[in-house]
Structures are given as structure tokens and as C-alpha cells.
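Under mature numbering (1 follows the signal peptide of the UniProt record, and there is no 0), read the sequence shown as residues -18 to -1, 1 to 477, first letter to last. Even for Gly, the Cβ is constructed at its ideal location relative to N, Cα and C. Note that the coordinates shown come from a computational prediction; the quantities given were computed from them, not determined experimentally. Worksheet: the structure to be examined is printed underneath.
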Amino acid sequence: MIPSTATIALVLAVLSLAQNAFLATAAGPRVIIVGAGMSGISAGKRLSEAGITDLLILEATDHVGGRMHKQNFAGINVEVGANWVEGVNGGKMNPIWPIVNSTLKLRNFRSDFDYLAQNVYKENGGLYDQDYVQKRLDQADKAEESGKKLSGTLPASGSNDMSILAMQRLYDHQPNGPEMPVDMALDYYKFDYELAEPPRVSSMQNCVPLPTFSDFGDDTYFVADQRGYESVVYHLAGQYLKTDKSGKIVDPRLKLNKVVREISYSPNGVTVKTEDNSVYQADYVMVSASLGVLQSDLIQFKPQLPAWKVVAIYKFDMAVYTKIFVKFPKKFWPEGKGREFFLYASSRRGYYVVWQEFEKQYPDANVLLVTVTDEESRRIEQQSDNQTKAEIMEVLRKMFPGKDVPDATDILVPRWWSDRFYKGTFSNWPIGVSRYEYDQLRAPVGRVYFTGEHTSEHYNGYVHGAYLAGIDSAEILINCAQKKMCKYHVQGKYD
């Protein structure tokens, strides 16, 4: 029997009512978040607060936290990624600090760099004269202060920006760049140790002064809690994702070991495909993958991202910052007040320069941390740990020629640059990149949104930058999904 027109109309009406009832109970649009690091989790929290709870978080690794990640080393948990709350005790409150210090009460220690001048070792052993080093440091500080004043007079567009090295030349501080080992070591400590790239690369206008310290304060606090700095990310995730009694996330909206390889987008929605051939569909996607991943071929966008977006992605730098932990059977280095940090002034710039001992953080662990960056990081990642250990032992025996320096028993060398899920540690704002390219970097493309520390307007490269970027990017998506304000304004290059 052929149904009557009235019957068909009735069925369609019932189906329509059922569909509308489903939409009424659904929590707004469906959003896929790529990455469960700080920015991805932060974005998810803000979306949830706005009523967008139909979320799916796809994380490539087996853990939450991204570049905030602890690892067991010789019986203690150390941070292979982010380690400090940077910018504390200033005019504004760093949003990460109360979570670390008050809510979670993670063990943390103020890093004291005030005595560095008395802890600079010559290439072949012995300490430089403290007054001499302080004089060199004061000269560098003077040039930097002049640079800060200059930065404040330049157009906000960045059209008259220069490199930090150009700033140093302008103020007659080593016009040819640092040449003596002690000057190279101090220069490395002041800039590379913070930015992970040298002054000839980094933007003066965006790095001198660094907004993190001018806004939040000059103090930094080293997190040395066995629960891990990643506890902050788990804490934020637990505010909208279901957890069990132990705090483990058991929410089905979080899927680990899901490597996103393809994102297809159209005016009607997005489709995300993972390496295990799973396919997920949604109204929007929030990509919180690192800048290094965006610069690689891990994720394919279909259609390809527009040229303006690709150029912006490639103009920014993904820097490499490597913290190498080394354990010894006994201590042979100085301890006590003012001895936590020390420098090795090699004639080879960036060669195992900045050292830290852990008398307070990890008592009796007999562990040292040495930090390398940039080209040295890439070089070290491509050699064996035994080769790196041998180089470190040679340096330490040069620094302490009169000491019995035993062979290291353990070494931990993170390989962020080689890891396809990160391709580096954090972004750095290079010379030649203006506010215009930054706006393009975080701008959405259709239904594809972007977040991450590299999209933080003022705090790229920092944990608080990743946290705030997640909130900011979520707000852009919320404006579109709920308020139909989908046009993202990018100021003109010279505005």
C-alpha cells in the first residue's frame, strides 16, 4: 500500500520533532581538539565553561601534558620539558603560579642567579675573577636597558624592528658580537638560555623586554615535585573531564595514542583521520599541535592551508632547548648559597655553558643539569648518549682540574627536535616577524582553529602563554559558534 501524503507528512513531522529534540539536548556544536597539552586542555576547559561540551580530544602520545612531562631518572622524577614558573612577584599574577603554589602545592624553589659572576669557569679550569665578570655583565645589562627604552619608541607594527645583536652593536656593546669565551658565556646565559636561539636571530622589539617578566615579575621558580609539573594540566583537565578516585582521566572524550594525520575541512564541517585509520567528524577542529609539527608533514590539511597561513607558520621559529641530566656516584662541585648555577666559558659558543646543581631540589641525588640549545641541541640529538656523556665528562674535568671527578653513572638526553610529535621545544619570535604575521598565525581557516604557546600574543614559549592561548583561541571559536561572529580581523601589516 502506498502511504498517503498526509501519512508521509506526519512521519516527516515526527522525525523533525525528534531531530529538534536531540539538538535541544545536545551541548552545542561538536569540537575536536588535536593535542592534550596545556593549550589543548585549556581550550577544552573554556569551551566547556561556555556550554560546548560535545568535545573529543585526540592526543598522539600516551599521556596528557605535552611538553610538560616528567620522566624517572636514576630514581627521581625530573622534568624533561617545562620546569619553571617564570614571571612571579610582579605587578600582575602569573595565572600558573597560584595553581602550582597554592592549589596543588607543588614543591618549588626560587632560582637565584644573583651570584653568577662568582661562578664562571675558565675553559681549562679555575674561576674568572668575580669583579671582572661582573663588569662584563654590567656592560651587557646596560646595552639591554638601552634596548628596552628603544623598543618602547618603535611602531607596534614591528616595521622598524631589529635583532638583539643589532641592538648590542647600536649601543657599542661588542660591536662585532661577543668574541672572548667569558663574553660568549654571559651572552648565552642572558639570551640563548631564555629564548633558545642566539641574539642574531631573535627580535629585539618582542624580546627586549620580555613581557613575561615585565608583566609578572622577575622571579622564576623551579618545580621539583615528584608528581610532576604536568599535574597542572591534569588539574585543569579534571575540571571538565571525568576522573576516577586516583585522579586518572577516564573520560571517553579523551583518546590517547591517536596520531592525527589528516584534517579535511569545508563550510559544512571537518573530518579528522588518525594513523590507525579512525575517522572522526565534527563542526569545528581546534589544532593545538606545536609550531614544529605545523612546519612538518605530520598533519595534512585538505584543502591545503592558504598561502598566507603557511607563510606565517614558516616565518616563526621552533627552537630547541635541551636539558641534560647527569648522575654521579658522588658530588665534586661546590654547594651552598650562591652556588646553584654556574657557567662554563668555552671558546665554542653554546658548548655545555649553563649548569645547575640540585642541593635543595633533589637532596643526595648527586645530579647535575646542563642546558644546551639550538645547533648544539640538534647535534647532540644525532649522536649517542655515550658520546654526549664523554663530552660532558671532558668539560667537567676541565672545569674542576683539582677534583676527583668520577664517571657519570646515568645520563638523560631528551630529543624534542627528533620527536615527530613536537619537532622542538618552544617557539621563538625571530627578527622580521611582525604583529601582522602573528595575527595570521593564530587566525582560523574556515572551521579550523589554532592554539598553542606559539599563538600567545605576548607570552609565546611559556607555560602561561600556552594556558592563556588556549583560552583566547576558545573565545574565537565561541564567538563564531554561539554568536555567529566568525570574521577574524587581521590588522594591516603596517597598521
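Check: With a 10 Å radius around its C-beta and 16 neighbouring C-beta atoms as the bar for buried, classify G414 as buried or exposed.; Outcome: exposed
Check: Can you tell me which residues form a DSSP beta bridge with W411?; Outcome: Answer is none; W411 lacks a bridge partner.
Check: Threshold first: 3 residues or longer. Then list the beta strand (DSSP E) segments lying entirely within the stretch 368 to 402, N to C.; Outcome: 392 to 394
Check: Short of 8 Å in beta carbon distance, which residues of its chain neighbour D454, apart from the five on each side in sequence? Order them along the chain.; Outcome: R424, T433, T437, S438 and E439
Check: Looking only at its chain, what residues have a beta carbon closer than 7 Å to the beta carbon of E435, apart from the 5 residues adjacent to it on each side?; Outcome: S21, F408, S409, N442, G443, Y444, G447, A448 and A451
Check: Throw me the rounded Cβ distance for the V354 and I306 pair, which I believe falls under 8 Å.; Outcome: 7 Å
Check: Can you tell me whether E339 is buried or exposed? The criterion is at least 16 other CB atoms within 10 Å of its CB, across all chains shown.; Outcome: buried
Check: Within a Cβ cutoff of 6 Å, which residues of the same chain sit near R331, ignoring the five residues on either side of it in sequence?; Outcome: M166
Check: Taking buried to mean at least 16 other C-beta atoms within 10 Å of its own C-beta, is K466 buried or exposed?; Outcome: exposed
Check: Leaving out five residues on either side along the sequence, give the residues of the same chain with a beta carbon under 8 Å from the beta carbon of G428.; Outcome: Y247, S248 and P249
Check: Under three-state DSSP, which class holds D421?; Outcome: helix
Check: Could you tell me the distance, in whole angstroms, from the CA atom of K313 to the CA atom of K469?; Outcome: 60 Å
Check: Could I get the ranges of all uninterrupted beta strand (DSSP E) runs contained in the stretch 86 to 130, with 3 residues as the minimum, in chain order?; Outcome: 90 to 92
Check: Looking only at DSSP bridge pairs, what is S184 linked to?; Outcome: P412
Check: What is the DSSP secondary structure of T135, reduced to helix, strand or coil?; Outcome: coil
Check: So what does DSSP say about Q150, is it helix, strand or coil?; Outcome: helix
Check: Tell me which same chain residues have a C-beta within less than 7 Å of the C-beta of Y344, skipping the five on either side of it?; Outcome: I58 and A206
Check: Could you check what DSSP says for Q263 in three-state terms: helix, strand or coil?; Outcome: strand
Check: Is the beta carbon of Y262 less than 7 Å from the beta carbon of S30?; Outcome: no
Check: Just grab the DSSP bridge partners of V275 for me.; Outcome: DSSP lists no partner for V275.
Check: So, using beta-carbon positions, are I15 and G26 closer together than 7 Å?; Outcome: yes
Check: Rounded to whole angstroms, what's the CA-CA distance from F382 to E376? Just pull it up for me.; Outcome: 10 Å
Check: How close, in whole Å, do the beta carbons of V46 and I245 come, if the pair is a contact with beta carbons under 8 Å?; Outcome: Wrong, their Cβ atoms sit about 21 Å apart, outside the cutoff.
Check: What did DSSP end up calling E317 once you bin it into helix, strand or coil?; Outcome: coil
Check: Can you check whether the CB of V242 is closer than 7 Å to the CB of V254?; Outcome: yes
Check: Cβ of S324 within 7 Å of Cβ of N90?; Outcome: Position check: residue 324 holds Phe in this sequence, whereas Ser was assumed. Contact flag unset, no.
Check: Less than 8 Å between the CB atoms is what I'm expecting for S359 and T304, so what's the real figure, rounded?; Outcome: 4 Å
Check: Suppose contacts are defined by Cβ-Cβ distances below 7 Å. Is A18 in contact with F403 by that definition?; Outcome: no
Check: Taking 6 Å as the limit between beta carbons, can you name the residues of its chain near D197, skipping five residues before and five after?; Outcome: K74
Check: Quick one: using the 10 Å Cβ neighbour count with 16 as the cut-off for buried, is Q364 buried or exposed?; Outcome: exposed
Check: Could you check whether the stretch 175 to 194 touches the stretch 114 to 133, counting it as contact only if at least three pairs of C-beta atoms, one from each stretch, sit closer than 8 Å?; Outcome: yes
Check: A42 by DSSP, collapsed to three states: which one?; Outcome: coil
Check: What three-state label does DSSP hand Q464 in the structure shown?; Outcome: helix
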